[in-house]
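Residue numbering for the sequence shown is 1 to 170, as defined by my numbering.
All C-beta atoms in this analysis are idealised placements derived from N, C-alpha and C, irrespective of residue type, glycine included.
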Amino acid sequence: MLKKRIFSVVASASALAYMAGTNAMSVFAEEETQAATAAAAPQMTPTGSLVSMFLPMVILFALLYFIAIRPQKKRDQEMKDMQANIQIGDEIVTGGGIVGMVVSIGDDTVVIETGGAKHKLRIKNWAITENVSAAERAKAAKPAKKSAIETSAVIDDAVKTSKKKKNTEE
């Protein structure tokens, strides 16, 4: 998914750069013909050609920043926060696919237990890609959202029970 997005950004950037280059070339060609026809009359160079050349580059950089750079920085920051908040007893997954429980935490390393024979491995913090225990805690902390159909069914049941109470009171 990310490769497709990057490819589309690069393709649109190259198309935009091509258009800017051809626009600049056509402006240059127009200036040449105007200079040849009016060689005797002094002219000032238009600032519009300078703006038309740099405006697409600025737009391209802004587009690249918001589509590729900013989301990647956000993911990197979330990963660093996750790696910094690892606790003893958490179940983690490494970049190589090793799953284990955290036994001890050092400055830049973590010791994990893997397998039934309780093998211990010391790995670097940057190799940790997922904290399974933290993800489960976060999932349990979020209340389960009910769908609109379930909510309407609960409301209908409440209305029916209130009507029954009114009928029995009369």
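query                                                                                                   : result
Cβ contact (3+ pairs, closer than 8 Å) linking the region 97 to 104 and the region 134 to 142           : no
Cutoff 8 Å: phenylalanine 61 Cβ touching any chain B Cβ                                                 : As a matter of chain content, chain B is missing from the structure shown, which is built from one protein chain.
Rounded separation between alanine 68 and valine 58 - CA only                                           : 15 Å
Cβ-based neighbour list, glycine 95, same chain, cut-off 7 Å, excluding 5 preceding and 5 following     : Ala127, Thr129
Close beta carbons around valine 111, own chain, < 6 Å, minus the five adjacent residues each side      : Val103, Ser104, Lys120, Arg122
Contact set for threonine 109: own chain, Cβ-Cβ below 8 Å, skip 5 residues either direction             : Arg122, Ile123, Lys124, Asn125
Per-residue burial, asparagine 85 [other beta carbons within 10 Å of its own, 16 or more giving buried] : exposed
Beta carbon of glycine 100 nearer than 8 Å to that of isoleucine 88                                     : no
Glycine 115 to glycine 97 span [Cα, whole Å]                                                            : 13 Å
Short Cβ contact (8 Å threshold) for serine 133 with aspartate 81                                       : no
Unbroken beta strand (DSSP E) run spanning lysine 118, endpoints                                        : Note, lysine 118: premise wrong, no beta strand (DSSP E); not H, not E.
Where the beta strand (DSSP E) containing glycine 100 begins and where it ends                          : 99 to 105
Residues bridged to lysine 124 (per DSSP)                                                               : Thr109
Contact set for methionine 79: own chain, Cβ-Cβ below 6 Å, skip 5 residues either direction             : none
Local conformation of isoleucine 92 per DSSP, three classes                                             : strand
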